[in-house]
Amino acid sequence: MSSEHVLICVAWPYANGPLHLGHVAGCYLPPDIQFRYERARGNRVLLVSGSDEHGTPITVSAEQQGISPQQVVDKFHAINSQALLDLGCMWEPNADARGIDYGGALFNRTSDERHKEIVQDNFLSLMNAGLFEKKSMQQYYEIREDGGRFLPDRYVEGECPNCSEDGARGDQCDSCGATYEAHELEKPRSKMNPEAKIEIRDTEHLFYRLERFQACLEEHAEARQGVWKANVKAMTKQWLEMGLRPRAITRDLEWGIKIPLEGADWRGKCVYVWFEAVQGYLTCAKIWSERFGESEDDWKKWWVISKDGTKPRHLYFLGKDNIPFHTVIWPSLIMGLNHANNGLGEDDDIVLPGPGDLHLEDNVPAMEYLMLAGGQFSKSRKHAVWLPSFLERFDGDTLRYYLGINMPENHDTDFNWPDFVAKINSELIGHYGNFVHRVITLAHRLEGDGNPLAQFDNPSFCKEWISKVESLLLDVEESLNKHRYKEALRGVMSIAQFGNQLLQGSTPWKYLKPESHVQEG
329 MSSEHVLICV AWPYANGPLH LGHVAGCYLP PDIQFRYERA RGNRVLLVSG SDEHGTPITV
389 SAEQQGISPQ QVVDKFHAIN SQALLDLGCM WEPNADARGI DYGGALFNRT SDERHKEIVQ
449 DNFLSLMNAG LFEKKSMQQY YEIREDGGRF LPDRYVEGEC PNCSEDGARG DQCDSCGATY
509 EAHELEKPRS KMNPEAKIEI RDTEHLFYRL ERFQACLEEH AEARQGVWKA NVKAMTKQWL
569 EMGLRPRAIT RDLEWGIKIP LEGADWRGKC VYVWFEAVQG YLTCAKIWSE RFGESEDDWK
629 KWWVISKDGT KPRHLYFLGK DNIPFHTVIW PSLIMGLNHA NNGLGEDDDI VLPGPGDLHL
689 EDNVPAMEYL MLAGGQFSKS RKHAVWLPSF LERFDGDTLR YYLGINMPEN HDTDFNWPDF
749 VAKINSELIG HYGNFVHRVI TLAHRLEGDG NPLAQFDNPS FCKEWISKVE SLLLDVEESL
809 NKHRYKEALR GVMSIAQFGN QLLQGSTPWK YLKPESHVQE G
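When we follow my numbering, the leftmost residue of the sequence shown carries the number 329, and every step to the right adds one.
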(Lines of atoms letter the chains of each structure in order from A and count residues from 1; the text may use other names and numbers.)
(Lines give C-alpha, C1' and ligand atoms only; values in the text may rest on other atoms or scores of the structure.)
Protein backbone atom coordinates (compact mmCIF):
# COMPACT_ATOMS: atom_id res chain seq x y z
CA MET A 1 0.00 0.00 0.00
CA SER A 2 1.43 3.39 -1.00
CA SER A 3 1.78 5.94 1.77
CA GLU A 4 -0.26 9.15 1.84
CA HIS A 5 0.93 12.64 2.64
CA VAL A 6 -1.19 13.63 5.64
CA LEU A 7 -1.20 17.16 7.06
CA ILE A 8 -2.51 17.39 10.62
CA CYS A 9 -3.36 20.96 11.62
CA VAL A 10 -3.98 21.82 15.26
CA ALA A 11 -5.70 25.02 16.44
CA TRP A 12 -3.21 27.58 17.75
CA PRO A 13 -3.70 28.42 21.46
CA TYR A 14 -3.42 32.02 22.60
CA ALA A 15 -0.19 32.51 24.53
CA ASN A 16 -1.91 34.54 27.25
CA GLY A 17 -2.05 31.85 29.91
CA PRO A 18 -1.36 28.17 30.56
CA LEU A 19 -3.27 25.49 28.69
CA HIS A 20 -6.11 23.86 30.61
CA LEU A 21 -7.61 20.39 30.33
CA GLY A 22 -10.38 21.67 28.10
CA HIS A 23 -7.74 22.60 25.53
CA VAL A 24 -6.20 19.14 25.80
CA ALA A 25 -9.46 17.25 25.32
CA GLY A 26 -10.73 19.52 22.57
CA CYS A 27 -7.61 20.27 20.53
CA TYR A 28 -4.33 18.65 21.53
CA LEU A 29 -4.84 15.01 22.51
CA PRO A 30 -6.95 13.97 19.46
CA PRO A 31 -4.38 15.10 16.85
CA ASP A 32 -1.56 13.45 18.78
CA ILE A 33 -3.46 10.16 18.68
CA GLN A 34 -4.11 10.64 14.95
CA PHE A 35 -0.46 11.53 14.30
CA ARG A 36 0.74 8.35 16.00
CA TYR A 37 -1.83 6.25 14.15
CA GLU A 38 -1.03 7.69 10.71
CA ARG A 39 2.69 7.13 11.26
CA ALA A 40 2.05 3.55 12.41
CA ARG A 41 0.24 2.97 9.11
CA GLY A 42 3.33 4.10 7.23
CA ASN A 43 1.95 7.44 6.08
CA ARG A 44 4.03 10.57 5.62
CA VAL A 45 2.70 12.92 8.26
CA LEU A 46 3.36 16.57 9.00
CA LEU A 47 1.98 17.99 12.27
CA VAL A 48 1.71 21.78 12.52
CA SER A 49 0.57 24.25 15.16
CA GLY A 50 1.99 26.83 17.52
CA SER A 51 1.27 29.74 19.82
CA ASP A 52 -1.10 32.47 18.65
CA GLU A 53 0.78 35.48 20.00
CA HIS A 54 -1.02 38.49 18.55
CA GLY A 55 -4.38 40.08 19.07
CA THR A 56 -6.23 41.50 22.01
CA PRO A 57 -6.18 38.45 24.33
CA ILE A 58 -2.44 39.06 24.60
CA THR A 59 -2.64 42.80 25.15
CA VAL A 60 -5.46 42.46 27.67
CA SER A 61 -3.35 39.99 29.66
CA ALA A 62 -0.31 42.27 29.42
CA GLU A 63 -2.24 45.31 30.67
CA GLN A 64 -3.73 43.32 33.53
CA GLN A 65 -0.25 42.16 34.61
CA GLY A 66 1.52 45.45 33.94
CA ILE A 67 4.08 43.91 31.57
CA SER A 68 4.73 44.02 27.83
CA PRO A 69 2.90 41.75 25.35
CA GLN A 70 6.25 40.24 24.35
CA GLN A 71 6.91 39.20 27.94
CA VAL A 72 3.49 37.54 28.09
CA VAL A 73 3.94 35.48 24.93
CA ASP A 74 7.53 34.49 25.69
CA LYS A 75 6.46 33.19 29.08
CA PHE A 76 3.43 31.20 28.00
CA HIS A 77 4.85 29.85 24.75
CA ALA A 78 7.62 28.26 26.81
CA ILE A 79 5.19 26.96 29.45
CA ASN A 80 2.66 25.54 27.00
CA SER A 81 5.08 23.97 24.54
CA GLN A 82 6.85 22.22 27.42
CA ALA A 83 3.55 21.07 28.94
CA LEU A 84 2.53 19.46 25.64
CA LEU A 85 5.85 17.64 25.48
CA ASP A 86 5.44 16.53 29.11
CA LEU A 87 2.02 15.16 28.19
CA GLY A 88 3.70 13.01 25.56
CA CYS A 89 2.52 14.94 22.51
CA MET A 90 4.94 14.31 19.65
CA TRP A 91 6.13 17.83 18.76
CA GLU A 92 9.72 16.64 18.88
CA PRO A 93 11.80 15.57 17.05
CA ASN A 94 10.99 17.97 14.23
CA ALA A 95 12.00 15.43 11.57
CA ASP A 96 10.57 11.91 11.35
CA ALA A 97 13.10 9.24 12.34
CA ARG A 98 12.37 7.44 9.05
CA GLY A 99 13.67 10.45 7.15
CA ILE A 100 12.54 13.98 6.37
CA ASP A 101 10.49 12.69 3.42
CA TYR A 102 8.17 11.11 5.99
CA GLY A 103 7.43 14.46 7.60
CA GLY A 104 7.74 15.59 11.18
CA ALA A 105 6.30 18.25 13.45
CA LEU A 106 6.65 21.92 14.29
CA PHE A 107 5.05 23.86 17.15
CA ASN A 108 5.86 27.39 16.03
CA ARG A 109 4.73 30.87 17.08
CA THR A 110 3.11 33.74 15.19
CA SER A 111 5.79 36.16 16.41
CA ASP A 112 8.25 34.22 14.20
CA GLU A 113 9.70 36.74 11.74
CA ARG A 114 9.30 34.32 8.84
CA HIS A 115 5.61 33.88 9.66
CA LYS A 116 5.22 37.65 9.57
CA GLU A 117 6.95 37.87 6.18
CA ILE A 118 4.74 35.19 4.61
CA VAL A 119 1.56 36.76 6.01
CA GLN A 120 2.56 40.17 4.63
CA ASP A 121 3.37 38.63 1.23
CA ASN A 122 -0.02 36.89 1.19
CA PHE A 123 -1.69 40.16 2.19
CA LEU A 124 -0.25 41.91 -0.86
CA SER A 125 -1.06 38.99 -3.17
CA LEU A 126 -4.71 38.97 -2.13
CA MET A 127 -4.94 42.75 -2.36
CA ASN A 128 -3.41 42.80 -5.85
CA ALA A 129 -5.90 40.13 -6.93
CA GLY A 130 -8.74 42.52 -6.12
CA LEU A 131 -9.99 40.60 -3.08
CA PHE A 132 -9.88 43.54 -0.63
CA GLU A 133 -12.04 46.61 -0.39
CA LYS A 134 -11.64 49.72 1.74
CA LYS A 135 -14.59 50.61 3.93
CA SER A 136 -15.40 52.85 6.83
CA MET A 137 -16.58 51.00 9.91
CA GLN A 138 -17.81 51.95 13.33
CA GLN A 139 -15.75 51.04 16.35
CA TYR A 140 -15.90 51.91 20.02
CA TYR A 141 -13.55 54.61 21.20
CA GLU A 142 -12.57 55.09 24.85
CA ILE A 143 -12.35 58.75 25.79
CA ARG A 144 -9.38 59.48 28.07
CA GLU A 145 -7.37 62.49 29.18
CA ASP A 146 -4.49 61.42 26.93
CA GLY A 147 -6.75 61.55 23.90
CA GLY A 148 -8.22 58.09 24.11
CA ARG A 149 -7.97 55.02 21.93
CA PHE A 150 -10.00 52.76 19.71
CA LEU A 151 -11.13 49.66 21.58
CA PRO A 152 -10.46 46.35 19.82
CA ASP A 153 -13.18 43.72 20.07
CA ARG A 154 -11.95 42.02 23.23
CA TYR A 155 -11.67 45.35 25.00
CA VAL A 156 -15.45 45.67 24.80
CA GLU A 157 -18.01 43.60 26.70
CA GLY A 158 -21.79 43.68 26.78
CA GLU A 159 -24.92 41.70 25.97
CA CYS A 160 -24.90 39.44 22.93
CA PRO A 161 -27.19 40.80 20.17
CA ASN A 162 -28.21 37.24 19.34
CA CYS A 163 -28.89 35.53 22.70
CA SER A 164 -28.70 38.48 25.18
CA GLU A 165 -26.02 36.76 27.29
CA ASP A 166 -24.10 39.32 29.36
CA GLY A 167 -20.31 39.24 29.25
CA ALA A 168 -20.19 38.60 25.50
CA ARG A 169 -17.01 39.77 23.79
CA GLY A 170 -16.97 42.56 21.26
CA ASP A 171 -16.82 40.22 18.28
CA GLN A 172 -18.09 36.83 19.47
CA CYS A 173 -20.37 35.29 22.07
CA ASP A 174 -18.98 32.24 23.85
CA SER A 175 -22.49 31.27 24.94
CA CYS A 176 -24.20 30.90 21.55
CA GLY A 177 -21.23 31.12 19.16
CA ALA A 178 -22.59 34.15 17.28
CA THR A 179 -20.15 36.57 15.65
CA TYR A 180 -20.86 40.22 14.98
CA GLU A 181 -19.32 43.67 14.80
CA ALA A 182 -18.56 45.39 18.10
CA HIS A 183 -21.07 48.19 17.50
CA GLU A 184 -23.87 45.58 17.41
CA LEU A 185 -23.25 44.68 21.07
CA GLU A 186 -25.95 45.69 23.56
CA LYS A 187 -25.05 47.70 26.70
CA PRO A 188 -21.35 47.95 25.78
CA ARG A 189 -18.61 48.85 28.24
CA SER A 190 -14.83 48.98 28.31
CA LYS A 191 -13.42 45.71 29.67
CA MET A 192 -10.34 47.37 31.14
CA ASN A 193 -12.10 50.51 32.41
CA PRO A 194 -15.85 49.82 32.83
CA GLU A 195 -16.53 53.32 34.17
CA ALA A 196 -14.98 55.10 31.20
CA LYS A 197 -17.12 56.83 28.63
CA ILE A 198 -17.09 55.12 25.25
CA GLU A 199 -18.57 56.21 21.96
CA ILE A 200 -18.83 55.03 18.36
CA ARG A 201 -16.39 56.57 15.89
CA ASP A 202 -15.68 55.89 12.23
CA THR A 203 -12.38 54.31 11.22
CA GLU A 204 -11.09 53.15 7.81
CA HIS A 205 -10.16 49.51 7.29
CA LEU A 206 -9.59 46.90 4.61
CA PHE A 207 -12.13 44.11 4.22
CA TYR A 208 -11.77 40.67 2.67
CA ARG A 209 -14.46 40.09 0.05
CA LEU A 210 -15.77 36.92 1.63
CA GLU A 211 -19.05 37.06 -0.29
CA ARG A 212 -17.18 36.22 -3.51
CA PHE A 213 -16.50 32.74 -2.15
CA GLN A 214 -20.10 31.89 -1.18
CA ALA A 215 -20.85 29.59 -4.14
CA CYS A 216 -17.57 27.67 -3.95
CA LEU A 217 -17.86 27.26 -0.18
CA GLU A 218 -21.40 25.91 -0.54
CA GLU A 219 -20.24 23.44 -3.18
CA HIS A 220 -17.29 22.38 -1.04
CA ALA A 221 -19.47 21.96 2.07
CA GLU A 222 -21.93 19.84 0.10
CA ALA A 223 -19.09 17.55 -1.00
CA ARG A 224 -18.09 17.06 2.65
CA GLN A 225 -21.56 16.14 3.97
CA GLY A 226 -20.70 12.46 4.20
CA VAL A 227 -17.48 13.16 6.10
CA TRP A 228 -18.04 16.07 8.48
CA LYS A 229 -19.50 15.58 11.95
CA ALA A 230 -22.97 16.88 12.73
CA ASN A 231 -21.69 19.93 14.62
CA VAL A 232 -19.41 20.90 11.73
CA LYS A 233 -22.17 20.56 9.15
CA ALA A 234 -24.67 22.49 11.27
CA MET A 235 -22.43 25.45 12.10
CA THR A 236 -21.10 25.74 8.55
CA LYS A 237 -24.63 25.62 7.15
CA GLN A 238 -25.70 28.35 9.59
CA TRP A 239 -22.93 30.67 8.41
CA LEU A 240 -23.58 30.05 4.74
CA GLU A 241 -27.34 30.44 5.06
CA MET A 242 -26.89 33.81 6.77
CA GLY A 243 -24.98 34.93 3.70
CA LEU A 244 -21.32 35.90 3.67
CA ARG A 245 -20.30 39.54 3.72
CA PRO A 246 -16.98 41.40 3.61
CA ARG A 247 -14.95 40.86 6.77
CA ALA A 248 -12.44 43.31 8.22
CA ILE A 249 -8.83 42.18 7.98
CA THR A 250 -7.20 45.20 9.63
CA ARG A 251 -7.62 46.66 13.09
CA ASP A 252 -6.45 49.67 15.08
CA LEU A 253 -3.82 47.83 17.12
CA GLU A 254 -0.25 48.41 18.19
CA TRP A 255 0.56 44.75 18.88
CA GLY A 256 0.53 42.51 15.83
CA ILE A 257 1.78 42.20 12.27
CA LYS A 258 1.93 45.62 10.65
CA ILE A 259 0.09 45.89 7.36
CA PRO A 260 2.63 46.28 4.51
CA LEU A 261 1.24 49.57 3.22
CA GLU A 262 2.60 53.10 3.41
CA GLY A 263 0.69 56.27 4.19
CA ALA A 264 -1.04 58.04 7.05
CA ASP A 265 -4.26 56.07 6.49
CA TRP A 266 -2.53 52.86 7.60
CA ARG A 267 -0.49 54.17 10.52
CA GLY A 268 -1.24 52.29 13.74
CA LYS A 269 -3.06 49.46 11.99
CA CYS A 270 -2.21 45.76 12.10
CA VAL A 271 -3.40 42.65 10.34
CA TYR A 272 -6.49 41.38 12.15
CA VAL A 273 -5.57 38.23 14.07
CA TRP A 274 -8.28 36.04 12.49
CA PHE A 275 -6.74 36.72 9.07
CA GLU A 276 -3.23 36.06 10.29
CA ALA A 277 -3.45 33.14 12.70
CA VAL A 278 -5.21 30.66 10.39
CA GLN A 279 -2.43 31.20 7.88
CA GLY A 280 -0.15 29.60 10.47
CA TYR A 281 -1.01 26.17 9.10
CA LEU A 282 0.57 27.17 5.80
CA THR A 283 3.40 29.31 7.16
CA CYS A 284 4.33 26.61 9.68
CA ALA A 285 4.66 24.01 6.90
CA LYS A 286 6.83 26.39 4.88
CA ILE A 287 9.01 27.24 7.88
CA TRP A 288 9.38 23.54 8.76
CA SER A 289 10.46 22.87 5.18
CA GLU A 290 12.99 25.70 5.19
CA ARG A 291 14.53 24.74 8.54
CA PHE A 292 14.40 20.95 8.51
CA GLY A 293 13.68 19.83 4.95
CA GLU A 294 16.01 18.74 2.18
CA SER A 295 14.43 21.42 0.00
CA GLU A 296 12.59 24.66 0.77
CA ASP A 297 9.77 23.31 -1.39
CA ASP A 298 9.24 20.13 0.66
CA TRP A 299 6.12 21.71 2.17
CA LYS A 300 4.37 21.39 -1.19
CA LYS A 301 4.16 17.62 -0.75
CA TRP A 302 1.68 18.26 2.07
CA TRP A 303 -0.09 21.25 0.55
CA VAL A 304 -0.21 21.25 -3.25
CA ILE A 305 -2.44 19.09 -5.45
CA SER A 306 -0.17 17.27 -7.92
CA LYS A 307 -0.44 17.56 -11.70
CA ASP A 308 -2.14 14.15 -11.90
CA GLY A 309 -4.75 15.25 -9.35
CA THR A 310 -3.29 13.37 -6.37
CA LYS A 311 -4.20 15.23 -3.21
CA PRO A 312 -2.65 15.29 0.25
CA ARG A 313 -5.08 14.60 3.09
CA HIS A 314 -5.79 17.52 5.45
CA LEU A 315 -7.19 17.09 8.96
CA TYR A 316 -7.97 20.03 11.25
CA PHE A 317 -8.39 19.58 15.01
CA LEU A 318 -10.14 22.26 17.07
CA GLY A 319 -12.96 23.06 19.46
CA LYS A 320 -16.46 23.69 18.17
CA ASP A 321 -16.19 27.46 18.66
CA ASN A 322 -13.55 27.54 15.92
CA ILE A 323 -15.50 25.58 13.30
CA PRO A 324 -16.49 28.49 10.99
CA PHE A 325 -12.93 29.76 10.86
CA HIS A 326 -11.84 26.41 9.41
CA THR A 327 -14.78 25.56 7.13
CA VAL A 328 -15.57 29.07 5.84
CA ILE A 329 -12.86 31.64 6.62
CA TRP A 330 -9.68 29.62 6.05
CA PRO A 331 -10.94 27.84 2.89
CA SER A 332 -11.85 31.25 1.45
CA LEU A 333 -8.32 32.49 2.10
CA ILE A 334 -6.82 29.36 0.52
CA MET A 335 -8.98 29.81 -2.58
CA GLY A 336 -8.04 33.48 -2.62
CA LEU A 337 -4.33 32.60 -2.57
CA ASN A 338 -4.89 30.12 -5.40
CA HIS A 339 -6.73 32.85 -7.31
CA ALA A 340 -3.81 35.24 -6.83
CA ASN A 341 -1.11 32.63 -7.54
CA ASN A 342 -2.84 31.76 -10.82
CA GLY A 343 -2.61 35.38 -11.93
CA LEU A 344 -6.36 35.97 -11.73
CA GLY A 345 -7.97 39.22 -10.70
CA GLU A 346 -11.09 41.05 -9.62
CA ASP A 347 -13.09 40.21 -12.75
CA ASP A 348 -12.27 36.48 -12.75
CA ASP A 349 -14.48 33.83 -11.17
CA ILE A 350 -13.46 32.10 -7.95
CA VAL A 351 -13.07 28.34 -8.48
CA LEU A 352 -12.39 25.31 -6.29
CA PRO A 353 -8.77 24.06 -6.16
CA GLY A 354 -7.32 21.97 -8.97
CA PRO A 355 -3.87 20.59 -9.90
CA GLY A 356 -1.11 22.93 -8.78
CA ASP A 357 -3.33 24.64 -6.19
CA LEU A 358 -3.32 24.62 -2.40
CA HIS A 359 -5.62 21.91 -1.04
CA LEU A 360 -8.69 22.48 1.15
CA GLU A 361 -9.51 20.56 4.32
CA ASP A 362 -10.73 16.96 4.05
CA ASN A 363 -12.12 16.65 7.55
CA VAL A 364 -12.59 18.85 10.60
CA PRO A 365 -13.27 16.44 13.50
CA ALA A 366 -14.13 19.30 15.86
CA MET A 367 -14.82 18.49 19.48
CA GLU A 368 -17.57 19.70 21.76
CA TYR A 369 -16.57 21.13 25.17
CA LEU A 370 -15.03 19.43 28.16
CA MET A 371 -16.80 20.98 31.14
CA LEU A 372 -15.60 21.41 34.72
CA ALA A 373 -18.20 20.95 37.43
CA GLY A 374 -20.87 21.65 34.84
CA GLY A 375 -19.31 24.93 33.67
CA GLN A 376 -17.17 25.67 30.65
CA PHE A 377 -13.39 25.80 31.12
CA SER A 378 -12.31 29.43 30.91
CA LYS A 379 -8.92 31.14 31.03
CA SER A 380 -10.40 34.57 31.63
CA ARG A 381 -12.66 33.42 34.48
CA LYS A 382 -9.92 31.19 35.96
CA HIS A 383 -12.35 28.27 35.91
CA ALA A 384 -9.94 25.54 34.93
CA VAL A 385 -7.56 22.75 35.79
CA TRP A 386 -4.27 23.92 34.31
CA LEU A 387 -2.23 21.39 32.36
CA PRO A 388 1.21 22.31 33.83
CA SER A 389 -0.18 22.09 37.38
CA PHE A 390 -1.85 18.76 36.66
CA LEU A 391 1.39 17.29 35.29
CA GLU A 392 3.28 18.35 38.42
CA ARG A 393 1.03 16.02 40.42
CA PHE A 394 -0.01 13.20 38.09
CA ASP A 395 1.54 11.14 35.33
CA GLY A 396 0.60 12.33 31.86
CA ASP A 397 -0.67 8.89 30.84
CA THR A 398 -3.41 9.07 33.45
CA LEU A 399 -4.70 12.25 31.80
CA ARG A 400 -4.35 10.84 28.30
CA TYR A 401 -6.43 7.84 29.33
CA TYR A 402 -9.14 9.73 31.19
CA LEU A 403 -9.62 12.38 28.53
CA GLY A 404 -9.41 9.72 25.83
CA ILE A 405 -12.21 7.66 27.37
CA ASN A 406 -14.16 10.83 28.23
CA MET A 407 -13.50 12.79 25.03
CA PRO A 408 -16.25 15.30 24.05
CA GLU A 409 -16.63 13.96 20.52
CA ASN A 410 -20.36 14.41 19.95
CA HIS A 411 -21.57 16.12 23.12
CA ASP A 412 -20.14 18.02 26.06
CA THR A 413 -18.54 15.86 28.74
CA ASP A 414 -17.47 16.72 32.28
CA PHE A 415 -14.14 16.47 34.09
CA ASN A 416 -14.86 15.01 37.50
CA TRP A 417 -12.15 14.28 40.07
CA PRO A 418 -13.85 11.26 41.74
CA ASP A 419 -14.57 9.79 38.31
CA PHE A 420 -10.96 10.42 37.26
CA VAL A 421 -9.66 8.51 40.29
CA ALA A 422 -12.14 5.66 39.81
CA LYS A 423 -11.42 5.18 36.10
CA ILE A 424 -7.65 5.29 36.53
CA ASN A 425 -7.69 2.78 39.38
CA SER A 426 -10.27 0.35 38.02
CA GLU A 427 -9.63 0.60 34.27
CA LEU A 428 -6.16 1.90 33.41
CA ILE A 429 -4.44 0.19 36.36
CA GLY A 430 -6.93 -2.58 37.14
CA HIS A 431 -7.39 -3.87 33.59
CA TYR A 432 -4.68 -2.58 31.28
CA GLY A 433 -1.89 -2.18 33.83
CA ASN A 434 -2.64 -5.55 35.38
CA PHE A 435 -2.47 -7.30 32.01
CA VAL A 436 0.81 -5.64 31.02
CA HIS A 437 2.33 -6.41 34.43
CA ARG A 438 1.32 -10.06 34.24
CA VAL A 439 2.72 -10.57 30.74
CA ILE A 440 6.03 -8.83 31.45
CA THR A 441 6.49 -10.60 34.78
CA LEU A 442 5.76 -14.03 33.28
CA ALA A 443 8.12 -13.37 30.38
CA HIS A 444 10.86 -12.25 32.78
CA ARG A 445 10.51 -15.43 34.85
CA LEU A 446 10.85 -17.80 31.91
CA GLU A 447 13.96 -19.99 31.99
CA GLY A 448 16.74 -19.39 29.50
CA ASP A 449 16.66 -22.98 28.19
CA GLY A 450 13.59 -24.84 27.08
CA ASN A 451 10.01 -23.64 27.07
CA PRO A 452 7.89 -24.70 30.05
CA LEU A 453 4.88 -23.07 28.39
CA ALA A 454 5.24 -24.95 25.09
CA GLN A 455 1.74 -26.40 25.35
CA PHE A 456 0.33 -22.91 24.93
CA ASP A 457 2.09 -22.47 21.56
CA ASN A 458 -0.53 -24.63 19.87
CA PRO A 459 -2.75 -22.25 17.83
CA SER A 460 -5.79 -24.39 18.53
CA PHE A 461 -5.40 -23.63 22.25
CA CYS A 462 -6.55 -20.06 21.89
CA LYS A 463 -7.95 -19.94 18.36
CA GLU A 464 -11.16 -18.35 19.55
CA TRP A 465 -9.27 -15.73 21.56
CA ILE A 466 -7.03 -14.85 18.61
CA SER A 467 -10.09 -14.44 16.40
CA LYS A 468 -11.68 -12.08 18.95
CA VAL A 469 -8.54 -9.97 19.25
CA GLU A 470 -8.10 -9.73 15.48
CA SER A 471 -11.71 -8.61 15.18
CA LEU A 472 -11.20 -6.01 17.91
CA LEU A 473 -8.06 -4.69 16.21
CA LEU A 474 -9.99 -4.19 12.99
CA ASP A 475 -12.69 -2.36 14.95
CA VAL A 476 -10.07 -0.13 16.62
CA GLU A 477 -8.57 0.74 13.24
CA GLU A 478 -11.99 1.56 11.80
CA SER A 479 -12.77 3.76 14.82
CA LEU A 480 -9.52 5.69 14.38
CA ASN A 481 -10.23 6.15 10.67
CA LYS A 482 -13.52 7.79 11.68
CA HIS A 483 -11.93 9.83 14.52
CA ARG A 484 -13.93 7.96 17.15
CA TYR A 485 -11.24 7.96 19.79
CA LYS A 486 -13.36 6.86 22.74
CA GLU A 487 -14.57 3.88 20.75
CA ALA A 488 -11.01 3.00 19.73
CA LEU A 489 -9.77 3.20 23.32
CA ARG A 490 -12.61 1.00 24.54
CA GLY A 491 -11.53 -1.55 21.94
CA VAL A 492 -7.96 -1.48 23.24
CA MET A 493 -9.23 -1.96 26.79
CA SER A 494 -11.35 -4.91 25.64
CA ILE A 495 -8.19 -6.57 24.33
CA ALA A 496 -6.55 -6.12 27.74
CA GLN A 497 -9.62 -7.61 29.43
CA PHE A 498 -9.56 -10.60 27.08
CA GLY A 499 -5.88 -11.05 27.89
CA ASN A 500 -6.58 -11.06 31.62
CA GLN A 501 -9.34 -13.62 31.14
CA LEU A 502 -7.04 -15.83 29.06
CA LEU A 503 -4.29 -15.72 31.69
CA GLN A 504 -6.77 -16.32 34.49
CA GLY A 505 -8.24 -19.35 32.74
CA SER A 506 -4.98 -20.96 31.65
CA THR A 507 -2.90 -20.19 34.80
CA PRO A 508 0.50 -20.36 33.02
CA TRP A 509 2.38 -19.58 36.26
CA LYS A 510 1.59 -23.13 37.44
CA TYR A 511 3.90 -24.53 34.76
CA LEU A 512 6.91 -22.55 35.83
CA LYS A 513 9.47 -23.85 38.32
CA PRO A 514 8.70 -23.08 41.98
CA GLU A 515 11.42 -20.47 42.23
CA SER A 516 9.93 -18.72 39.18
CA HIS A 517 6.36 -19.03 40.42
CA VAL A 518 4.20 -15.98 39.76
CA GLN A 519 0.99 -15.46 41.63
CA GLU A 520 -1.89 -14.33 39.47
CA GLY A 521 -2.67 -10.66 40.14
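C-beta: ideal position from N, C-alpha, C; glycine also.
Leaving out five residues before and five after residue i in sequence, what residues of the same chain have Cβ atoms less than 6 angstroms from its Cβ?
| i | result |
| --- | --- |
| residue 458 | 673 and 674 |
| residue 437 | 378, 379, 381 and 405 |
| residue 618 | 624 |
Could you tell me if residue i is buried or exposed, where buried requires 16 or more neighbouring beta carbons within 10 angstroms of its beta carbon?
| i | result |
| --- | --- |
| residue 376 | buried |
| residue 802 | exposed |
| residue 360 | buried |
| residue 397 | buried |
| residue 344 | buried |
| residue 654 | buried |
| residue 464 | exposed |
| residue 497 | buried |
| residue 835 | exposed |
| residue 732 | buried |
| residue 564 | buried |
Compute the Euclidean distance between the alpha carbons of residue i and residue j, then round it to the nearest angstrom.
| i | j | result |
| --- | --- | --- |
| residue 332 | residue 837 | 45 angstroms |
| residue 668 | residue 453 | 6 angstroms |
| residue 791 | residue 808 | 26 angstroms |
| residue 429 | residue 500 | 41 angstroms |
| residue 435 | residue 419 | 6 angstroms |
| residue 663 | residue 556 | 20 angstroms |
| residue 470 | residue 528 | 9 angstroms |
| residue 562 | residue 651 | 10 angstroms |
| residue 543 | residue 684 | 21 angstroms |
| residue 334 | residue 637 | 15 angstroms |
| residue 720 | residue 346 | 13 angstroms |
| residue 804 | residue 819 | 6 angstroms |
| residue 639 | residue 722 | 42 angstroms |
| residue 643 | residue 628 | 16 angstroms |
| residue 716 | residue 411 | 6 angstroms |
| residue 648 | residue 391 | 29 angstroms |
| residue 682 | residue 689 | 14 angstroms |
| residue 701 | residue 747 | 12 angstroms |
| residue 745 | residue 713 | 11 angstroms |
| residue 758 | residue 725 | 15 angstroms |
| residue 427 | residue 413 | 21 angstroms |
| residue 769 | residue 657 | 54 angstroms |
Report back the beta-carbon spacing between residue i and residue j to the nearest angstrom; my notes put them in contact at under 8 angstroms.
| i | j | result |
| --- | --- | --- |
| residue 735 | residue 339 | In fact, because the Cβ distance is near 16 angstroms, the residues do not count as touching under 8 angstroms. |
| residue 577 | residue 536 | 5 angstroms |
| residue 386 | residue 583 | 6 angstroms |
| residue 531 | residue 448 | The Cβ separation is near 21 angstroms, so there is no contact. |
| residue 593 | residue 478 | The Cβ separation is near 14 angstroms, so there is no contact. |
| residue 484 | residue 516 | 5 angstroms |
| residue 549 | residue 572 | No, residue 549 and residue 572 are not in contact; Cβ-Cβ is about 12 angstroms, not under 8 angstroms. |
| residue 486 | residue 514 | 6 angstroms |
Grab the span of the alpha helix (DSSP H) containing residue i for me, first residue to last.
| i | result |
| --- | --- |
| residue 507 | Looking at the DSSP string, residue 507 is not in any alpha helix (DSSP H), and its letter there is neither H nor E. |
| residue 364 | 357-368 |
| residue 721 | 715-721 |
| residue 812 | Per DSSP, residue 812 belongs to no alpha helix (DSSP H) and is neither H nor E. |
| residue 611 | 608-620 |
| residue 552 | Here residue 552 belongs to no alpha helix (DSSP H), and DSSP marks it neither H nor E. |
| residue 287 | Past the edges of the chain, shown from 329 to 849, lies residue 287, and the structure says nothing about it. |
| residue 767 | 762-773 |
| residue 659 | 658-669 |
| residue 388 | 384-393 |
Need the endpoints of the beta strand (DSSP E) that residue i sits in, please.
| i | result |
| --- | --- |
| residue 577 | Unbroken run through residue 577: none, as it is neither H nor E. |
| residue 418 | No beta strand (DSSP E) contains residue 418, which DSSP labels as neither H nor E. |
| residue 469 | 460-470 |
| residue 485 | 484-487 |
| residue 688 | Careful: residue 688 lies outside any beta strand (DSSP E) and carries neither H nor E. |
| residue 374 | 372-379 |
| residue 456 | Here residue 456 belongs to no beta strand (DSSP E); instead the alpha helix (DSSP H) covers 441-456. |
| residue 561 | Note, residue 561: premise wrong, no beta strand (DSSP E); alpha helix (DSSP H) at 558-570. |
| residue 516 | 514-518 |
| residue 733 | Run containing residue 733: none in the beta strand (DSSP E); it sits in the alpha helix (DSSP H), 724-733. |
Cβ of residue i within 7 angstroms of any heavy atom in the ligand GTP?
| i | result |
| --- | --- |
| residue 387 | The ligand GTP is not part of this structure, which contains no ligands at all. |
Residues in the same chain with beta-carbon distance under 7 angstroms from residue i, minus the five sequence neighbours each way, listed in chain order, please.
| i | result |
| --- | --- |
| residue 845 | Low confidence applies here, because residue 845 scores a pLDDT of 46, under 50, leaving its location unreliable; read the following figure in that light. Only 837 meet the Cβ criterion. |
| residue 450 | 607 and 665 |
| residue 373 | 334, 336, 363, 366, 367 and 431 |
| residue 585 | 382, 444, 447, 448, 598, 599 and 604 |
| residue 538 | 572, 573, 574, 575 and 660 |
Looking only at its chain, what residues have a beta carbon closer than 8 angstroms to the beta carbon of residue i, apart from the 5 residues adjacent to it on each side?
| i | result |
| --- | --- |
| residue 409 | 379, 419 and 435 |
| residue 358 | 645, 693, 695, 735, 811 and 813 |
| residue 422 | 432, 433, 434, 616, 619 and 620 |
| residue 787 | 794 |
| residue 704 | 350, 502, 697 and 711 |
| residue 482 | 383, 384, 385, 388, 497, 498, 499 and 519 |
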